[in-house]
Structure formats: C-alpha cells, structure tokens
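Novice: Numbering (this note's numbering), first residue to last: 1209 to 1451. Glycine included, each C-beta is placed from N, C-alpha and C at the ideal position. Treat the numbers as computed from the prediction; the structure is a model and nothing was measured.
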C-alpha cells in the first residue's frame, strides 16, 4: 500500500457505514487525514475514526444535517479546523425509498431531495469554494440513472440532478486544476439495497455477485489520487458490468 495521499486532507460525507466508510478507510490507508461526516450514526462514525487512528492515521468524526446550509458550512469549518485546508471532498451521503412514482408523497419528495440533491448541492458549493488548487471533488451517484427501473423515481431523479451539478462545476473549476466527477455504483451490499433485491442483483453481474463497498471505494480512492488528474466532468461506472 502506498502513501501517495500523505499530506492531503479529505472530507467524506455519509462515512459512518457502507461505501462511505470504505472510502474513508481507503483514503486513510493511503495517508490522507480524513473527516468522517455523519448525520445520525455517531457510534459508527466514531468506530471508523478509531479504526483509522488505530492504524496510525488521522481522523475526526463530524455531525451535520446536509440539508441545512449552516450545517454544511460548519462541517467544512470543523474539518478544516481539525486538519487544515481540504484537498479531497467526497459527497457520499444518500437516502433512498422504493415506491411507485404515482404513490410518492410530498414528504417522500422532501426527504429524498433534501439529502440527495439539496445536501449535495451545498456540499459541492462549499467544496468548490474551499478545496485547494489541484483538489478532487467526487460525488457518489448511481448506475440506476442509466437503467430502466421501477419504484425508484425519486431516488434516480435526485441523483440525475446531481450528475448535472458535477458537469457544470467541473467546467467552472478546471482553471484551478480541480477535478469533479461522479462515481456510479451498481447494486452494492449496503443498507440502501433491499434484502429482497439482493439475489436478483447478484445475477445481473457477469461476476454473479453484488458489489462490496470496497469495490466502489477503491475507484473513489483512485479518483482522489494524482493518477486521475486528467479525468473530470465524468460519470465513472463501478457496477460490475450491470450497466
């Protein structure tokens, strides 16, 4: 394992579990100091921090509701206060609901778009303002935006908007050598994949399995590295051949 990210400071939202947890651990293993963002799972976030620190790394857990602009600003302020100016920001926090579009309520809409779209918008805005020149901004999207799927209208709609935010921001930050990309997992064994869908999802991949969080995290860590300096404004698929 190399330490090519040593001296870099990272913020990962939704990092207490699943893909975000694996990303935080992967960045730390390569030498980055990591701010572990979370909303409710304080114990799990502190567990990620303990694992990083126990391996000789630097990490801090920071709570924040990303749908609140003030919380996003505080999240960045606290991360910078702990480790210094940010080099890597990964917007991974997400929520999902499975329901036919015609049955979705205003409360459903607000819940999903507050986290997946509004929260990511404010995270991208702060990242664009604060990340150091040559930095990396990555948003976890979904391979579902490339597929015909049912009962996912709110989730896919919220992610589709974010993919366009990223394309615009990549163009706006290019003069600073900041790369901005989305990373789209396929079916991955996390809390967002319903148990009823796991067997079907595994059969859709040529590898005959669902993705593990680490399968996606390794791609995120690559995008955060110097090796990905010529990749920007892209949606990178990490779906195991599903889409």
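(1) Using a Cβ-Cβ cut-off of 8 Å, state whether residue 1267 counts as contacting chain C.
(2) In chain order, what residues of the same chain lie with their CB nearer than 7 Å to the CB of residue 1385, ignoring the 5 residues before and after it?
(3) Should residue 1214 go down as buried or exposed, given a rule of 16 or more other Cβ atoms within 10 Å for buried?
(4) Look at the alpha carbon of residue 1336 and the alpha carbon of residue 1382, and state the distance between them as a whole number of angstroms.
(5) Taking 8 Å as the cut-off, decide whether the C-beta atoms of residue 1267 and residue 1247 are in contact.
(6) Buried or exposed for residue 1437, going by 16 or more other Cβ atoms inside 10 Å?
(7) Since residue 1443 sits in a beta bridge, which residues does DSSP pair it with?
(8) Tell me, to the nearest whole angstrom, how far the beta carbon of residue 1221 is from that of residue 1331; I am working on the premise that it is less than 8 Å.
(9) At which residues does the beta strand (DSSP E) containing residue 1305 begin and terminate?
(10) So, residue 1415 versus residue 1366, is the Cβ gap smaller than 8 Å?
(11) Just to confirm, is the Cβ distance from residue 1378 to residue 1441 under 8 Å?
(12) Would you kindly check if the distance between the Cβ of residue 1300 and the Cβ of residue 1231 is under 8 Å?
(13) For residue 1424 versus residue 1298, is the C-beta spacing smaller than 8 Å?
Specialist: Considering the structure as presented:
(1) The displayed structure is made up of one protein chain only, and chain C is not part of it.
(2) As a position in the chain shown, residue 1385 is number 177, starting the count at 1. Here the set comprises 1341 and 1342.
(3) For the purposes of this step, residue 1214 is taken as residue 6 along the chain shown, with counting starting at 1. With fewer than 16 other Cβ atoms within 10 Å, it is exposed.
(4) Counting from one through the chain shown, the residue named residue 1336 turns up at place 128. Counting from one through the chain shown, the residue named residue 1382 turns up at place 174. So the alpha carbons of these two residues sit roughly 11 Å apart.
(5) Residue 1267 sits at position 59 when you count from the first residue of the chain shown. Residue 1247 sits at position 39 when you count from the first residue of the chain shown. In this structure, residue 1247 does not lie closer than 8 Å to residue 1267 by Cβ.
(6) Within the chain shown, residue 1437 is the residue found at index 229, counting from 1. Counting Cβ neighbours within 10 Å, residue 1437 comes out exposed, since fewer than 16 surround it.
(7) Residue 1443 sits at position 235 when you count from the first residue of the chain shown. Bridge partners of residue 1443: 1390.
(8) Translated into the one-based positions of the chain shown, residue 1221 becomes position 13. Translated into the one-based positions of the chain shown, residue 1331 becomes position 123. Their Cβ separation, rounded to whole angstroms, is 6 Å, which keeps residue 1221 and residue 1331 in contact under 8 Å.
(9) What you label residue 1305 is simply residue 97 of the chain shown in a count that begins at 1. Premise fails: residue 1305 is in no beta strand (DSSP E) and is neither H nor E.
(10) As a first step, residue 1415 is located in the chain shown; it is residue number 207 there, counting from the start. As a first step, residue 1366 is located in the chain shown; it is residue number 158 there, counting from the start. Not in contact: residue 1415 and residue 1366 (Cβ atoms no closer than 8 Å).
(11) The residue labelled residue 1378 in the question sits at position 170 within the chain shown. The residue labelled residue 1441 in the question sits at position 233 within the chain shown. Yes, the Cβ-Cβ distance between residue 1378 and residue 1441 is below 8 Å.
(12) Counted from its first residue, the chain shown places residue 1231 at position 23. Counted from its first residue, the chain shown places residue 1300 at position 92. The answer is yes: Cβ separation under 8 Å.
(13) Numbered from its first residue, the chain shown carries residue 1424 at position 216. Numbered from its first residue, the chain shown carries residue 1298 at position 90. No. Outside cutoff.
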